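What follows is a single structure, written as structure tokens, with notes after it.
In this note's numbering, the protein residues as written are 86 to 209.
Below, the structure is given as structure tokens:
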């Protein structure tokens, strides 16, 4: 998580002094989200054919669902930047959302999918 400082919003100072600062600790309840500065880092699991051919994928973000364009030929570990979808900055702006691509294989294959994978293997 990250910390946010709210200047002058803390408790009263001793002997009538100025208010102190209030510090908030931010933690995400959703697994796979990390905060780096004002940027949010998040895993994006995609299927091998989406990585190879590109396409669009709906992604659940802290702001809700968005459609992300996956570039053709992206590799596992590749990053996709979504500007202005990160955490709020003190000035009212926002950081960025970075999606880290993670290739996932289907748990089960149909016979046709298996044949297609074998054909790809044989041609590579």
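Don't be surprised by glycine CBs; every beta carbon is placed ideally from N, CA and C. Remember, it's a predicted structure, so these values are computed and weren't measured experimentally.
I'd like to know whether the C-beta atoms of residue 135 and residue 155 end up nearer to each other than 8 Å.
yes
Based on Cα-Cα distance, which residue from 163, 181 and 188 lies nearest to residue 170?
181
Presumed contact (8 Å Cβ cut-off) between residue 185 and residue 138, rounded CB distance
About 20 Å separates the two Cβ atoms, so there is no contact after all.
Let me check one thing: in DSSP terms, what residues is residue 142 bridge-paired to?
153
Can you tell me the Cα-Cα spacing of residue 104 and residue 143, whole angstroms?
45 Å
Starting from residue 207 and walking both ways along the alpha helix (DSSP H), at which residues does that stretch end?
196 to 208
From the DSSP output, in three-state form, read off residue 135 for me.
helix
Once DSSP output is grouped into helix, strand and coil, what is the label at residue 99?
helix
Excluding the five sequence neighbours on either side, which residues of its own chain have a C-beta within less than 7 Å of the C-beta of residue 187, listed in chain order?
128, 129, 130 and 161
Through-space distance from residue 174 to residue 189, alpha-carbon basis:
34 Å
Using the three-state DSSP reduction, which class does residue 119 fall into: helix, strand or coil?
strand
Where does residue 89 sit, in a helix, a strand or coil, going by DSSP?
strand
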